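A short worksheet on the structure shown next.
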Amino acid sequence: MPDASKMTNRPIKRGHKFLNTPGPTHVPDRVLSAMHRQTMDLSDPEFLAASMSCFEDLKRVFGTEGEIFLYAANGHGGWEAALVNTLQPGDTVLVPETGNFSNSWSNMTRQLGINVETIPGDWRRAIDPAAITERLQRDKTRQIKAVLLIQTETATGVTNDIPACRKAIDAAGHPALMLVDTIASLGTIPYRMDEWGVDVTMAASQKGLMMAPGLGICAASEKAIKVHQAQPGNRAYWDWDTRMKAEHYRKFCGTAPQLMIFGLRAALDMIFEEGLETIFERHRVLGAATRAAIDHWSGAGAVELNCLDRLHASDGVSTILVKEGYDADAIRTLCRDEMMVGLGGGLGDLSSKAFRIGHMGDTNASMLYAALASVEATLCYLDVPHTPGGVTAAIEHVVAAKKRLGATTF
């Protein structure tokens, strides 16, 4: 029997926790079950089949015929892999500022001895493609070797128009590579790497791919591979050449993260069973429903959606600004500790000024309603002014979409 005198007064919480951070996201039971197994010989045919099929099927998700590289890493590992395989110390890159993560990627780039030029942004609007064209046109000596873009900035909830950025680079007649971060967008909104002329794409396992954190992914075009092979190597673990060798274990620079691969295999199976276009529609509906709730709450003037242009609002994460005088961190903390709903906090310039609702990956309308209801209850508890009825506004949006689209499940 436990010693009651040593027990804390911490209340016992029953029921299910909801995870509505914009990463990590909810992992399906089927994926967890796939990882709950023994490891095996690295050359076991069962593992080799699962692993090789993941490499091939990821091409379908990225929309590419290029090379796929899998790392036992997070998204930051994907960033570094993209940089060290295509650039050298002393090179220059152009980075349109989109928020905390474009700035973090810039900081990593500088740490690697690469020069960074920034196109300033206000964290509330998408990238202006014309600004990319203008800057590249002034680069007469072609000092800029790459343009670093983020499709969806996780901190701000803003999605950028990648095809328009490709056209902007082409309009300048500039040979710079285009590197795109899809960490918060892949598997939630359309992405067509080859069709859009992207040279290198980075992603991670823990968001739209419905996997646990731990896999960083790069996809590289033929042009990017040629650039990589033409420059001296100062790489080891991240090196693409090593990972393109015939022996399978070299694809992981050693021992493969076997259980993660089995989990990824299960997640890819689920993605293709639902269908990418159906997944994109589900995210469009849930993203718009979330914005309907936020817009309703904003009637009292204390909260508002961060993204100013709804055409660029993310369908995977919504960033909510909180008026000065009210504590965004307190909203997040109460939701987590009392309502058992995990939300994202404000990052960088939005620290303590915003909180974020994730609605990506393995999620549905009912899970979203629970999160929105918890947020609305928290606004009540903390006396944050808001117009009640945000959850009803979200429900009405989903119902209207259901009637319009028929049998589609959200």
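Residue numbers (our numbering): 627 to 1036.
Think of the CB as a built atom: it goes at the ideal place given N, C-alpha and C, for glycine as much as any other residue.
No experiment lies behind these values; they were computed from the predicted model shown.
Between A954 and S924, the C-beta gap is not smaller than 8 Å, which leaves the two residues out of contact. By the 16-neighbour rule on beta-carbons within 10 angstroms, D667 is exposed.
Of the residues L969, M965 and G880, the one whose Cα lies closest to the Cα of P637 is M965.
By the neighbour-count criterion, in which 16 or more other beta carbons inside 10 Å mark a residue as buried, E691 falls on the exposed side. Excluding the 5 residues flanking it on each side, Y995 has same chain C-beta neighbours closer than 8 Å at V1017, A1020 and I1021, in chain order.
The C-beta distance from V773 to I740 rounds to 13 Å, too long to meet the 8 Å contact threshold.
Here G704 really is in contact with A830; their C-beta atoms are around 6 Å apart, less than 8 Å. Taken atom to atom, the span from the alpha-carbon of T989 to that of F681 is near 25 Å. Secondary structure note for Y697: its beta strand (DSSP E) is the uninterrupted segment E693 to A698.
With a beta-carbon spacing of about 5 Å, A980 and L947 fall inside the 8 Å limit used to define contacts. It is roughly 29 Å from the alpha-carbon of R908 to the alpha-carbon of Y697. Non-local beta-carbon contacts of V653 in its own chain, meaning distances under 6 Å to residues more than five positions away in sequence, involve A838 in chain order.
For N733, the enclosing alpha helix (DSSP H) covers residues N726 to Q737. Between A757 and D787, the gap from beta carbon to beta carbon reaches 8 Å or more. Collapsing the DSSP output to three states places E682 in a helix. C844 places its beta carbon 8 Å or farther from that of Y863.
Boundaries of the alpha helix (DSSP H) around D796: I788 to A797. Here DSSP, grouped into helix, strand and coil, assigns T647 to coil. The way I'd put it, the segment 797-808 doesn't touch the segment 641-658; fewer than three beta-carbon pairs between them come closer than 8 Å.
Judged by DSSP in its simplified three-state form, C844 adopts strand. The C-alpha of N860 lies about 25 Å from the C-alpha of F727. Judged by DSSP in its simplified three-state form, T827 adopts strand. The C-beta distance from A956 to L998 rounds to 18 Å, too long to fall under 8 Å, and the pair is not in contact. Judged by DSSP secondary structure, P722 falls within the beta strand (DSSP E) whose first and last residues are T718 to P722.
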